[in-house]
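Visitor:
There are 2 protein chains.
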Amino acid sequence: MPSKFAPLKNDTFLRALLRQPTEYTPVWLMRQAGRYLPEYKATRARAGSFLGLAKNPDYATEVTLQPIDRYALDASILFSDILTVPDAMGLGLYFTDGEGPKFAHPLRDEKSVMALEVPDMERLQYVFDAVTQIRQALNGRVPLIGFAGSPWTLACYMVEGAGSSDFRMVKAMLYDRPDLMHHILKTNAAATAAYLNAQIDAGAQAVMLFDSWGGALADGAYQTFSLYYMQEVIRQLKREKDGVRIPSIVFTKGGGLWLDQIADSGADALGLDWTVNLASARAQLADSVALQGNLDPAVLFAKPEQIRAEVQKSLASFGQHSKASGHVFNLGHGISQFTAPESVTVLVDAVHEYSRAFHV
Amino acid sequence: MPSKFAPLKNDTFLRALLRQPTEYTPVWLMRQAGRYLPEYKATRARAGSFLGLAKNPDYATEVTLQPIDRYALDASILFSDILTVPDAMGLGLYFTDGEGPKFAHPLRDEKSVMALEVPDMERLQYVFDAVTQIRQALNGRVPLIGFAGSPWTLACYMVEGAGSSDFRMVKAMLYDRPDLMHHILKTNAAATAAYLNAQIDAGAQAVMLFDSWGGALADGAYQTFSLYYMQEVIRQLKREKDGVRIPSIVFTKGGGLWLDQIADSGADALGLDWTVNLASARAQLADSVALQGNLDPAVLFAKPEQIRAEVQKSLASFGQHSKASGHVFNLGHGISQFTAPESVTVLVDAVHEYSRAFHV
Chain Y
15 MPSKFAPLKN DTFLRALLRQ PTEYTPVWLM RQAGRYLPEY KATRARAGSF LGLAKNPDYA
75 TEVTLQPIDR YALDASILFS DILTVPDAMG LGLYFTDGEG PKFAHPLRDE KSVMALEVPD
135 MERLQYVFDA VTQIRQALNG RVPLIGFAGS PWTLACYMVE GAGSSDFRMV KAMLYDRPDL
195 MHHILKTNAA ATAAYLNAQI DAGAQAVMLF DSWGGALADG AYQTFSLYYM QEVIRQLKRE
255 KDGVRIPSIV FTKGGGLWLD QIADSGADAL GLDWTVNLAS ARAQLADSVA LQGNLDPAVL
315 FAKPEQIRAE VQKSLASFGQ HSKASGHVFN LGHGISQFTA PESVTVLVDA VHEYSRAFHV
Chain F
15 MPSKFAPLKN DTFLRALLRQ PTEYTPVWLM RQAGRYLPEY KATRARAGSF LGLAKNPDYA
75 TEVTLQPIDR YALDASILFS DILTVPDAMG LGLYFTDGEG PKFAHPLRDE KSVMALEVPD
135 MERLQYVFDA VTQIRQALNG RVPLIGFAGS PWTLACYMVE GAGSSDFRMV KAMLYDRPDL
195 MHHILKTNAA ATAAYLNAQI DAGAQAVMLF DSWGGALADG AYQTFSLYYM QEVIRQLKRE
255 KDGVRIPSIV FTKGGGLWLD QIADSGADAL GLDWTVNLAS ARAQLADSVA LQGNLDPAVL
315 FAKPEQIRAE VQKSLASFGQ HSKASGHVFN LGHGISQFTA PESVTVLVDA VHEYSRAFHV
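Pasting the structure below:
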C-alpha cells in the first residue's frame with residue numbers, strides 16, 4: 015500500500031542508518047527543538063507550559079518544524095517527552111519550574127508496582143496525532159523520528175518520582191526486590207513497543223530508544239535490567255511500513271563499555287556519547303551497525319573556528335566510509351539551552367561541507 | 015632513617031596495591047568516615063560545621079578512626095576534602111546546607127585565572143597536622159591513605175564555583191580558551207604534587223588522586239585536560255618514605271573506556287567504578303597495575319544475603335589471584351549517607367571470608 019504522505023526529498027539520514035551509501039554525513043541534534051531557539055520560547059509562552067505544548071499537536075508540530083526551517087538538518091524528531099508513557103499509566107506527570115519532571119504517584123511499594131498495567135494507547139492519541147500532523151507539515155523535506163524512553167529509564171523516574179543524582183530508591187528496589195523491578199520493566203517494555211509501533215503507524219520513519227540512565231547501572235545489572243528489556247522492545251517493533259524499512263536507534267548514555275552487547279540488540283544504529291572514541295567503536299563493531307553521535311554539546315560554546323575544527327576531528331575519527339558503514343552526526347547528548355543559535359548553523363554546515371571527502 | 019611511627023600490624027592493603035601476595039582481599043570504603051555513622055554525626059554536631067570538622071586535626075582524627083573502630087577495615091583514609099587546595103589558593107571555600115561546596119571567588123575571567131598561583135603549603139598545615147595525628151592514633155593498626163583531587167576535578171569546582179550537572183562554564187573555557195584552562199591545570203598539578211608529598215612527609219602511607227569529573231570529558235579532551243596533568247602529579251610524587259614504598263592510586267569515575275591509558279600514568283593502582291567488568295579490566299591490563307573497586311554502593315541497600323551474593327560475584331569476577339595480581343575491594347563511589355551501618359559489617363566480613371579461596 016502506498017504511503018498517504020508526500021514522497022521523501024532527502025533520505026540521507028535513513029540511508030545512513032541502514033548503512034547504505036550517502037554523499038555526505040547526515041546531521042540532526044538531540045533536543046534540536048528547544049529552549050536555545052527564540053521561536054521555541056515564543057511558542058512555549060503561548061502554550062503556557064511544557065505539557066500544554068507537548069500535549070497539543072498544533073504546538074508540537076510548530077516547534078518540531080522550527081529547527082528544520084532554520085537549519086539544513088537531515089532529520090526531524092517528534093517534539094514530546096519520554097514520560098508520556100508513565101503519565102498514561104496513571105502516575106500523574108507534572109513539571110515544576112527549574113526542577114524538571116515529577117510524578118504525583120511514584121511506585122514505592124509492592125501494591126503500586128503490582129497494579130501497574132500497559133496503558134490503553136488511546137490515552138496517548140495526542141502523540142500519534144502530532145506524529146501524523148508533523149509528517150504532513152514536513153511534506154517530505156526530511157524524515158521524522160519517533161521515540162520513547164527505555165524501560166529502565168522510565169522505571170528510574172517512576173520509582174524515584176523525579177530526576178535523581180544517585181538513583182537510590184530505584185536501585186534499592188533493584189537489589190532488594192528484583193521481582194518488583196522486573197514487573198515494572200516487563201510492563202514498560204510492552205507499553206513502549208506498543209507506543210513506538212503506534213508512532214510508526216502514525217507516520218514515524220525511524221524510531222529511537224533513549225536509555226538516558228542505563229549508564230548509571232553496574233556491569234551485569236545493565237544487561238539484566240536495561241539491555242534485556244530494550245531487546246524485548248526492538249524484537250516487537252514493526253520492521254517496515256508501506257513497504258519501507260523503519261530503522262531503529264538505541265542510545266544508552268554512558269554505555270560505551272557495552273557497545274558490543276548493545277550492537278547485538280537488533281537495533282540498526284547505536285547512539286554514542288562523547289566519551290566514546292568513534293574510530294575505536296567503529297573498529298570494535300566492524301560496521302555491523304550504524305553509529306550516531308557524538309560531539310560534546312559544550313563544543314557549541316566555542317568560537318566558529320573551534321567548532322569547525324572539532325567537527326572535522328570527529329568526522330576524521332569515524333574515517334573514510336565503506337560500502338557498509340553508516341554514520342549520523344549528532345551531539346552526544348541534548349543541546350544546551352545556553353547555545354547560541356548561530357553556532358548550530360556553523361556545526362551543520364561544517365558537517366555537510368567536510369564530510370563529502372569521507373564519502374567518495 | 016627508621017619511621018617515628020609504630021610498626022604496621024596489617025599491611026595487606028599496601029601489599030595488594032604493590033601486587034604482592036596477600037592471604038585475602040583487603041577492603042576499605044570511599045567516604046567510610048561519614049554521615050551514615052551516628053558517631054560521625056555526633057562529632058560533626060560538636061564541630062558545628064563540615065569545615066570546622068575538617069580544619070581541626072583533633073576532630074579529623076576522631077572521625078577518621080571511627081570506621082576503623084567499628085569495622086575490620088584494612089585501610090584508613092584521611093578525613094578531609096579535595097577542595098582544601100583551591101581554598102588555600104584564595105578561592106574562599108564555603109558549604110551551604112544541602113547544596114554542597116561553593117567558592118566565593120570562582121575563576122571566571124582571564125585576570126582571575128592568570129592570578130592563580132601554587133599556594134604556600136603552610137596554609138594547609140592543618141591537613142598535614144591531621145595526617146600525623148591520625149597516623150599516631152592508628153598506632154600501626156592499618157595504613158593511612160592521603161588524597162587529593164585531580165587537577166581537572168579541582169578546575170571544575172574552581173570555574174563553576176560549585177558542583178555542576180553539565181560543567182557548562184568549565185567546558186566552555188576548555189573549548190573556547192584552552193590556554194586559560196591549561197594555566198589552571200598546570201597550577202593545580204604543581205599544587206597537588208606538593209600537597210601529596212607533604213602528606214607523605216607527614217605520615218601518609220599511600221596516596222590517591224580522585225578524578226571525580228574526568229568522566230564528564232570527551233574522548234581526546236580527557237587525555238589532554240585530565241590524564242596528562244594526573245601523570246604530571248604522579249611523576250613528581252615521592253616514591254618512598256623512610257625506605258618504604260608509597261603506592262599511588264588513580265581513580266577517574268566514568269573512566270572505564272580509558273583504562274589502558276590510565277594504567278600507563280605511572281600509578282600503582284586504578285580505582286574502578288561499578289560500570290567496569292572486573293574480569294575484562296584485569297584481562298585488558300594483564301595485571302600490570304592493581305585494581306581497586308568496584309561494588310555499586312546501592313548494593314548496601316539490599317538484604318544481607320544479597321550483599322554477600324554481590325560480594326562473592328565481584329570477587330569471582332576478579333578471579334583467582336596470581337603472583338603479580340592485586341585487588342583492593344571497595345565501592346565504585348562513596349558510600350551513601352543512607353546506608354545502614356550494619357550492612358557495612360556484612361560487606362567487610364563477606365570480603366574477608368569469601369576472598370581467601372581466591373588467594374591460595
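Chains as they are written, first to last, in the numbering used here: chain Y, 15 to 374; chain F, 15 to 374.
C-beta: ideal position from N, C-alpha, C; glycine also.
1) What are the start and end residues of the alpha helix (DSSP H) that includes THR206(F)?
2) State buried or exposed for SER328(F), treating a residue as buried only when at least 16 other CB atoms are found within 10 Å of its CB.
3) Does DSSP put TYR38(Y) in a helix, in a strand, or in coil?
4) With burial defined as no fewer than 16 other Cβ atoms inside 10 Å of the residue's Cβ, what is the status of ASN308(Y): buried or exposed?
5) Is the segment 230-237 of chain Y touching the segment 282-294 of chain F, taking contact as three or more C-beta pairs under 8 Å?
6) In chain F, what lies closer than 7 Å to ALA232(Y) by C-beta?
7) Here's the rule: buried if 16 or more other CB atoms are within 10 angstroms of the residue's CB, otherwise exposed. What is ARG58(Y)?
8) Of the residues that make up the segment 340-354 of chain Y, which ones have a beta carbon closer than 7 Å to any beta carbon in chain F?
9) Keeping to the same chain, check which residues put their C-beta closer than 8 Å to that of ALA86(F); ignore five residues upstream and five downstream.
10) Given a threshold of 16 other Cβ atoms within 10 Å of its Cβ, counted over all protein chains shown, does VAL264(F) qualify as buried or as exposed?
11) Going by C-alpha distance, which of ARG322(F), TYR236(F), PRO71(F) and ARG33(F) is nearest LEU188(F)?
12) Which partner residues of ALA304(Y) appear in the DSSP bridge assignment?
13) Can you pull the chain F neighbours of PHE315(Y), defined as C-beta to C-beta under 8 Å?
14) So if I threshold CB-CB distances at 9 Å, which residues from the segment 259-272 of chain Y count as touching chain F?
15) At a CB-CB cut-off below 9 Å, which residues of chain Y make contact with GLY307(F)?
16) For ASN202(Y), count neighbouring Cβ atoms within 10 angstroms of its own Cβ and tell me buried if that reaches 16, exposed if not.
17) Mind checking the segment 315-336 of chain F against chain Y and listing, in chain order, the residues whose C-beta falls within less than 8 Å of any C-beta there?
18) Can PRO40(Y) and PHE343(Y) be called in contact, C-beta distance under 9 Å?
19) Give me the subset of the segment 209-232 of chain Y whose CB atoms are less than 8 Å from a CB atom of chain F, sorted by chain position.
20) Spell out the partners DSSP gives SER90(F) in its beta bridges.
21) Hey, LEU271(F) and SER331(F): beta-carbon distance below 9 Å or not?
22) Please tell me whether ALA205(F) and PRO115(F) are closer than 9 Å, where the distance is taken between their beta carbons.
23) Identify whether MET44(Y) lies in helix, strand or coil by the three-state DSSP scheme.
24) So, using beta-carbon positions, are ALA89(F) and LEU158(F) closer together than 9 Å?
25) I'd like to know whether the C-beta of ALA176(Y) is nearer than 9 Å to at least one C-beta of chain F.
26) Within this structure, are the beta carbons of LEU105(F) and MET172(F) separated by less than 9 Å?
27) Could you check what DSSP says for ALA176(F) in three-state terms: helix, strand or coil?
28) Verify the CB distance criterion: does TYR50(F) have a CB-CB separation below 9 Å to chain A?
29) For ARG33(Y), count the other beta carbons within 10 Å of its own beta carbon; 16 or more makes it buried, fewer makes it exposed. Which is it?
30) Starting from the Cα of LEU241(F), find the closest Cα among TRP227(F), ARG322(F) and LEU251(F) and give me that residue.
31) Buried or exposed: where does PRO71(F) fall if 16 or more other Cβ atoms within 10 Å of its Cβ makes it buried?
32) Tell me, please, whether the CB atom of SER240(F) is closer than 9 Å to any CB atom in chain Y?
33) Taking C-beta to C-beta, are VAL156(Y) and LEU92(Y) nearer than 9 Å?
34) Answer with buried or exposed for THR146(F), where buried requires no fewer than 16 other C-beta atoms within 10 angstroms of its C-beta.
35) If contacts are defined as beta-carbon pairs under 8 Å, then LEU314(F) and ILE349(F) qualify, I think. What distance do you get, rounded to the angstrom?
36) Is PHE64(Y) helix, strand or coil by DSSP?
Guide: In terms of the structure at hand:
1) 192-216
2) buried
3) coil
4) buried
5) yes
6) TRP288, THR289 and ASP310
7) buried
8) SER350 and PHE352
9) VAL362, ASP363 and HIS366
10) buried
11) TYR236(F)
12) ALA283(Y)
13) ARG182, LYS185, ALA186, TYR189 and ASP190
14) GLY268, GLY269, GLY270, LEU271 and TRP272
15) Near GLY307(F) there are no residues of chain Y at all, since even the closest Cβ is about 11 Å away, more than 9 Å.
16) buried
17) PHE315, ALA316, LYS317, GLN320, GLU324 and LYS327
18) yes
19) GLY229, LEU231 and ALA232
20) LEU158(F)
21) no
22) no
23) coil
24) yes
25) no
26) yes
27) strand
28) Reference to chain A is not applicable here, since the protein chains of this structure are Y and F.
29) buried
30) TRP227(F)
31) buried
32) no
33) no
34) buried
35) 7 Å
36) helix
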